[in-house]
Amino acid sequence: MDDCIVIKFGGGLITDKSMMCTPNHAVIDSLVNVVRDCLEDNLRVIVVHGAGSFGHLRSKHWKLNHGYLPDYDFLSQDDCKSQQHAVSLVRKEMLTLNKIVLDAFSKRGIATTKLPPHEWARNTGSNFDGNITKLFNNNKSVEITFGDIVDCDEGVFGILSGDDLVVRICQDIPNVKRLIFAVKGVDGILKRPPELADESDLIEHWSPSTEYSGVHNSEIDVTGGIGLKAIRGSEVAASGVDVFIINGEEPQRLLDACKGISTRGTQIFAE
């Protein structure tokens, strides 16, 4: 098992992002089946998953992506009265979502290793502090991590996005061949907003100089949407890894992309 692939399960894909802490079990099971097929093809798989409704809604309300804001007049929630309390709750919610993902693997007899970032990472962005090579060293299981609230040198705390995690994993782990972003509701990066686009609007090859709609729902998403995936993907592509954005609700496309077989989606290039 030499070649490694990294798959990012989008938070909006594996949860209902409009309802607090609501997983999409059917999609999670479908993604696990794809990973199982990759393992049977003798690929090493590392999974990073997003937060979706287990993190974004509360993080948005408490502005956790801005760090500690002691002078801001927040409106309390019934179950949360402060930013510090929100940090604790979001971390617990992420562990709950992570357990749902882990259980889906366990049901199929797939061994996993969980790596919650708040236990081993510090600071945000793709240059965060954390020893990837030391932690991600178990070839006998699927290593799983996720976007999380981490401690920071400035701002006390912040959001370490799964899209930042994949950059370092792809750069620091040997023999990573492909990075696949599995997203919800679109076939890749589009020239126009999804509600206006048709099949011809898919951008099959994207680099930072490419023009596109770049729309994401800032009312919900606190980590940058598909634009951040594209930029971070181009950073990974610069190190020689093949990077794709694929519709995660199309399991055959996702499996083909994981195996390096041409399929419908967007390939990301450095330039």
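Take our numbering: the last position of the sequence shown gets the number 383, and nothing is skipped along the way.
C-beta atoms are modelled at their ideal positions from N, C-alpha and C, and glycine is treated no differently.
Bear in mind the structure is a predicted one, so any value in this text is a computation, not a measurement.
Counting only runs of at least 3 residues, the stretch 190-273 fully encloses the following beta strand (DSSP E) elements, listed from N- to C-terminal order: 224-226, 254-258, 260-263 and 269-272. At least 8 Å separates the beta-carbon of E205 from that of L227. Around the beta carbon of P306, fewer than 16 other beta carbons lie within 10 angstroms, which makes this residue exposed. Here the alpha carbons of D215 and G221 stand approximately 10 Å from one another. Nearest neighbour of I158 by Cα position, chosen from S312, T236 and I281, turns out to be I281. Taking 8 Å as the cut-off, the beta carbon of N177 is found closer than this to the beta carbon of G270. Judged by their CB atoms, Q196 and H173 are not nearer to each other than the 8 Å cut-off.
Under DSSP, the beta-bridge partners assigned to L291 are V118 and V355.
For R170, the uninterrupted alpha helix (DSSP H) run begins and ends at H168 to H173, by DSSP.
Using a Cβ distance threshold of 8 Å, V262 and N235 count as a contacting pair. With fewer than three CB-CB distances shorter than 8 Å, the stretch 366-373 does not count as touching the stretch 308-316. With a 10 Å radius around the Cβ and a threshold of 16 neighbouring Cβ atoms, Q364 comes out exposed. Under the three-state reduction of DSSP, L176 is assigned to helix. Short of 6 Å from the beta carbon of V146, and not among the five residues preceding or following it, lie these beta carbons of its own chain, in chain order: P363, L366 and L367.
The alpha-carbon of D299 is positioned some 12 Å away from that of I338.
In the three-state DSSP reduction, I281 falls in the helix class (H, G or I). In this chain, the beta strand (DSSP E) harbouring R156 covers R156 to H161. With contacts defined by Cβ atoms closer than 8 Å, I126 and I292 do not form a contacting pair.
Nearest to G237 by C-alpha distance, out of L277, I357, F248 and V199, is L277. In this structure, G167 and V213 do not form a Cβ contact; the two beta carbons are roughly 13 Å apart against a cut-off of 8 Å. CA-to-CA, the gap between S130 and N136 works out to about 12 Å. I338: member of the alpha helix (DSSP H) spanning G337 to A349, first to last residue. Looking from the CA of R304, the closest CA among V295, G297, K296 and L314 belongs to L314. Residue burial annotation: N359 is buried, with at least 16 other C-beta atoms found within 10 angstroms of its C-beta. With at least 16 other beta carbons inside 10 angstroms of its own, H161 counts as buried.
Burial state of A294 is buried, judged by a 10 Å Cβ sphere holding 16 or more other Cβ atoms. DSSP places I380 in no alpha helix (DSSP H) but in the uninterrupted beta strand (DSSP E) bounded by T378 to I380.
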